[in-house]
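Read the structure below first, then the notes.
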Amino acid sequence: MRKTFMASAVLAAALTLPAQAADYKVGLLLPYSGVYASLGNDITAGFNLAVEHFGKDLGDDTLTLVQEDTEVKPPVGLAKARKLVLQDKVDAISGIVSSGVLAALRDFVHQTETPLVVANAGNDQMTGERCSPYIIRVSFSNGQVNRPMGPWLVEKGVKKIYTLAPDYAAGRQMIEAFSKSFTEAGGEIVGGQFTPFRKTKDFGPYLTAAAASGADGIFVFYAGGEAIGFVKQYGEFGINEKMPLYGSGWLTSPLYVGAEGKAADGVITSLNYSPSIENPENERFQKDYMAAHDRAASEYAVQGYDAGRLIVEAIKASGGDKAAFKKNLSKVKFSGPRGPLEIDPATNNIVQNIYIYETKVAEDGSTSQEILDTVEAVRDAPNGCQMN
Amino acid sequence: MLTDPGYLFVQFLNGLQFSMLLFLLSVGLSVTFGLMNFVNLAHGALYACGAFIGYSIAVWTGSFWAAFLLAPLAVCVIGAVLYGVLIRQVRSAGPLTQVLLTFGLIFIFLDAFRVIWGDLALGVSAPTLLATNIHIFGQTYPLYRLFLIALGLAVYLILWLALERTNIGAMVRASVDNAEMASCLGVNVERLFFAVFCTGCLLAGLAGVAAAPIFSVYPGMDLEILIPTLIVVVIGGLGSLKGAIVGSLLIGMLQTFGQVLIPQLAGSLSYILLGATLILRPEGLFPARAH
Chain S
1 MRKTFMASAV LAAALTLPAQ AADYKVGLLL PYSGVYASLG NDITAGFNLA VEHFGKDLGD
61 DTLTLVQEDT EVKPPVGLAK ARKLVLQDKV DAISGIVSSG VLAALRDFVH QTETPLVVAN
121 AGNDQMTGER CSPYIIRVSF SNGQVNRPMG PWLVEKGVKK IYTLAPDYAA GRQMIEAFSK
181 SFTEAGGEIV GGQFTPFRKT KDFGPYLTAA AASGADGIFV FYAGGEAIGF VKQYGEFGIN
241 EKMPLYGSGW LTSPLYVGAE GKAADGVITS LNYSPSIENP ENERFQKDYM AAHDRAASEY
301 AVQGYDAGRL IVEAIKASGG DKAAFKKNLS KVKFSGPRGP LEIDPATNNI VQNIYIYETK
361 VAEDGSTSQE ILDTVEAVRD APNGCQMN
Chain U
1 MLTDPGYLFV QFLNGLQFSM LLFLLSVGLS VTFGLMNFVN LAHGALYACG AFIGYSIAVW
61 TGSFWAAFLL APLAVCVIGA VLYGVLIRQV RSAGPLTQVL LTFGLIFIFL DAFRVIWGDL
121 ALGVSAPTLL ATNIHIFGQT YPLYRLFLIA LGLAVYLILW LALERTNIGA MVRASVDNAE
181 MASCLGVNVE RLFFAVFCTG CLLAGLAGVA AAPIFSVYPG MDLEILIPTL IVVVIGGLGS
241 LKGAIVGSLL IGMLQTFGQV LIPQLAGSLS YILLGATLIL RPEGLFPARA H
């Protein structure tokens, strides 16, 4: 899939005195086929909206986008990245949904000194021990999203937790981060399991075990189809009546929560974004996204939006100097739909608010999210990251 | 936890429910396998067809029961068309051609699902009558899952009666045992095969629509169920109803109890059983064909 298009036209610069003008080319490297195609499309839609919102006044500079499909396969992602850098000669790459694809690209972008603005993949290592000055993450790290829930739950009187997550790198990183902060705050993990990733459709056996564990609640990480199956079955087994469900926010993403039905009512999760955040940036973002796509913008769309904005702002700050552009990418700060954002110089991971919210399902089946708490400016420890 | 009879009973029901789903899928595959040595890897795709079509019917009509009745019939028609257009041509072409053709069909179906229904997982609600749970031994269990268990047992009973007590059943058994001989005795084996193939598709569609409220509906669901189904067919033995039900119960229970008792091994337990069966009884536990 190759679509090249002008994201923004050159504006007449009669009133300005440009020192230099540069033509920027950015590669969007995302899954447009395979299981994560819907995420790739959401991120692209968000990115394009950012270029529309913020890219109108680029002066003499221009910005062109090139889209490539990773097919969520690390070798394909790497081949497409080579093509973008060597053939299309892009100035930066953005996108990347899967942590596996990110890991495959890491050495290539580091060696070719191509800035990679990560718009989803949360692999902790890529802003930890395997960090690079050229990998800038505007989405989240797996630990960042889950850590705040530990102390928060202990404070609310939840002392014993049973954990469940799919058995792959991200699932393990999310549960590890939560378990660590939860036990440090005085909680106890009474049991837990990692379910075979994408092979588990029947959560009955695990839910039955969780219900019998004597925990005060269940903490899980599930996303996509697994989230729908899990939450529905949690309700079907009647566990929602005796044991509350907590987790990372993908569990009750607005993309799927409708399919989960009544069982999602009262589930408390944490994430870097919720459509119900109240600020003017989010209002504008949601309104224009709704107008263009006829549905509410997801947490994936907002990450694409902020990745697009980061790149546009870096172009504006560089006065046509491409070397300065590379450096400015990690220096841009702004307040977006998610609240104030900045890139942590120690890791190149984003510093952002984490929202703890409760999903409410009304009698007519409509859903809403009520933000219970905002943990401000959550920053990752360097975790062995050395920038050079 | 393990000494709690209620807990074990609920896990037993979980295992039984998964077994019944595997049974609905494996019985059609096993008998077509056994009857004509025909390898249909696209069987899982027909299961997914049942789920997707069921989803659309449930959305259009607002009734799960309409989907439950119509989706298997629609899948049966799709199976008949596939048979007429493709499968008949490769009936005598040998297993490699059959595997390649039906393997290719998997990908065609996968893309068709994505184009028509998109990538997001779709939820189907259980019918209101069954969308509740009941209390057994102090445990809560979803009524819909009990319905699925009952459905599997009912289908087993019907198939058993049809195979053991009717003329057509006798012809099927004779053809599985020795197709040439049955043909000499005046059985139209080709037509019989078509009928059995369509019944298999019908049951795959039924399994798909029945599984939809529990597992939700998404592209790729077929590949996930295909592997355990093939394992059931190999363990149970080709062409036999008894093999299909026993194989399904073995794999269903092994998966369910394996997941909670020895989670480290859960992914490989059924393969271990498969390997052991192939070494000790290469024909499977209850092969239909006498040797």
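Residue numbers (UniProt numbering), protein chains in the order written: chain S, 1 to 388; chain U, 1 to 291. Beta carbons: idealized from backbone N, C-alpha and C, even for Gly.
Same chain, Cβ closer than 6 Å to residue 23 of chain S, neighbours up to 5 away in sequence not counted: If we look at residue 23 of chain S and ignore the five residues flanking it on each side, its Cβ neighbours are 62.
Just to confirm, is the Cβ distance from residue 380 of chain S to residue 356 of chain S under 7 Å? Against a cut-off of 7 Å, the Cβ pair of residue 356 of chain S and residue 380 of chain S comes out as no contact.
Do the region 230–239 of chain U and the region 271–286 of chain U make contact, defined as three or more Cβ pairs closer than 8 Å? They touch, by the three-pair rule.
Under 8 Å: do the region 196–216 of chain U and the region 71–78 of chain U share three or more Cβ pairs, one atom per stretch? Touching, yes.
Taking only three categories from DSSP, how would you classify residue 186 of chain S? Residue 186 of chain S: coil per DSSP, three-state reduction.
What three-state label does DSSP hand residue 92 of chain S in the structure shown? Residue state, collapsed to three classes: strand.
Compare the C-beta of residue 38 of chain S with all C-beta atoms of chain U and state if any pair is closer than 7 Å. So, interface residue.
If residue 149 of chain U and residue 35 of chain U are in contact, beta carbons under 8 Å, what's the gap, nearest whole angstrom? No, residue 149 of chain U and residue 35 of chain U are not in contact; Cβ-Cβ is about 28 Å, not under 8 Å.
Note down, in chain order, every chain U residue with its Cβ under 7 Å from the Cβ of residue 229 of chain S. Residues of chain U whose Cβ lies closer than 7 Å to the Cβ of residue 229 of chain S are, in chain order, 215, 216.
Excluding five sequence neighbours on each side, which residues of the same chain lie with their C-beta closer than 6 Å to the C-beta of residue 397 of chain S? Only positions 1 to 388 of chain S appear in this structure, which leaves residue 397 of chain S out of reach.
So, for residue 77 of chain S: in the same chain, excluding its five sequence neighbours on each side, which residues have a beta-carbon less than 7 Å away from its beta-carbon? Once the five neighbours on either side are set aside, the close Cβ partners of residue 77 of chain S are 29, 70, 101, 104, 105.
Which residues of chain S have a Cβ atom closer than 9 Å to the Cβ of residue 142 of chain U, listed in chain order? The answer, in chain order, is 204, 233, 235, 236, 237, 238.
Comparing alpha-carbon positions, which option in S:116, S:328, S:214, S:352 lies nearest residue 274 of chain S? It is S:352.
Hey, could you find the ends of the alpha helix (DSSP H) residue 15 of chain U is sitting in? Start and end: 5–36.
Tell me where the beta strand (DSSP E) around residue 240 of chain S begins and ends. In the DSSP assignment, residue 240 of chain S falls outside any beta strand (DSSP E) and carries neither an H nor an E.
How would you list, in chain order, the residues of chain S whose beta-carbon sits under 7 Å from the beta-carbon of residue 138 of chain U? Those within 7 Å of residue 138 of chain U in chain S number zero; the least Cβ separation is about 11 Å.
So residue 66 of chain S is in the alpha helix (DSSP H); what residue range does that whole segment cover? For residue 66 of chain S, no alpha helix (DSSP H) run applies; the uninterrupted beta strand (DSSP E) run containing it begins and ends at 62–69, by DSSP.
Supposed contact pair residue 187 of chain U and residue 204 of chain U - C-beta distance, whole angstroms, cut 8 Å: In this structure residue 204 of chain U is not in contact with residue 187 of chain U, their Cβ atoms being roughly 25 Å apart against a cut-off of 8 Å.
Could you check whether residue 165 of chain S and residue 221 of chain S sit closer than 7 Å to each other, using their CB atoms as the reference points? A contact, by the Cβ cut-off of 7 Å.
Could you compute how far the alpha carbon of residue 267 of chain S sits from the alpha carbon of residue 140 of chain U? Taking the straight line from one Cα to the other gives about 20 Å.
Looking at residue 72 of chain S and residue 27 of chain S, is the spacing between their C-beta atoms short of 7 Å? In terms of Cβ geometry, residue 27 of chain S and residue 72 of chain S do not form a close pair [threshold 7 Å].
For a contact meaning CB atoms closer than 8 Å, what does residue 260 of chain S contact in chain U? Residues of chain U passing the Cβ test: 123.
Does residue 373 of chain S come out as helix, strand or coil in the three-state DSSP assignment? Correct three-state label for residue 373 of chain S: strand.
At the 7 Å Cβ level, is residue 120 of chain U part of the contact set with chain S, yes or no? When Cβ-Cβ separations below 7 Å define contact, residue 120 of chain U makes contact with chain S.
Leaving out five residues on either side along the sequence, give the residues of the same chain with a beta carbon under 7 Å from the beta carbon of residue 293 of chain S. If we look at residue 293 of chain S and ignore the five residues flanking it on each side, its Cβ neighbours are 45.
For residue 193 of chain U and chain S, any beta-carbon pair shorter than 7 Å? For residue 193 of chain U, the answer is no, since every Cβ of chain S falls outside 7 Å of its Cβ.
Inter-stretch contact at 8 Å, needing at least 3 Cβ pairs: the region 99–118 of chain U / the region 210–230 of chain S: Touching, no.
For residue 248 of chain S, does the count of other Cβ atoms within 10 angstroms reach 16, so buried, or fall short, so exposed? Counting every other CB atom within 10 Å of its CB across the protein chains shown gives residue 248 of chain S a total of 16 or more, marking it as buried.
Identify the contact partners of residue 372 of chain S in chain U, using a Cβ-Cβ distance below 7 Å as the criterion. Chain U residues near residue 372 of chain S: none, gap ~26 Å exceeds 7 Å.
Through-space distance from residue 50 of chain U to residue 314 of chain U, alpha-carbon basis: One cannot answer for residue 314 of chain U here, as it falls past the ends of chain U, which runs 1 to 291.
Look at the alpha carbon of residue 133 of chain S and the alpha carbon of residue 349 of chain S, and state the distance between them as a whole number of angstroms. Whole-angstrom Cα-Cα distance: 10 Å.
For residue 123 of chain U, which residues in the same chain have their Cβ closer than 7 Å to its Cβ, ignoring the five residues on either side in sequence? Cβ neighbours of residue 123 of chain U beyond the five flanking positions: 216.
Cβ neighbours of residue 171 of chain U in the same chain (closer than 8 Å, five flanking residues each side left out): Cβ within range, chain order: 182, 187, 192.
I need the straight-line Cα distance from residue 233 of chain U to residue 130 of chain S, nearest angstrom please. Cα-Cα distance, rounded: 46 Å.
Assuming residue 92 of chain S and residue 117 of chain S are in contact, meaning their beta carbons sit under 8 Å apart, how far apart are those beta carbons, in whole angstroms? Between residue 117 of chain S and residue 92 of chain S the Cβ distance is about 6 Å, and since that is below 8 Å, they are a contact.
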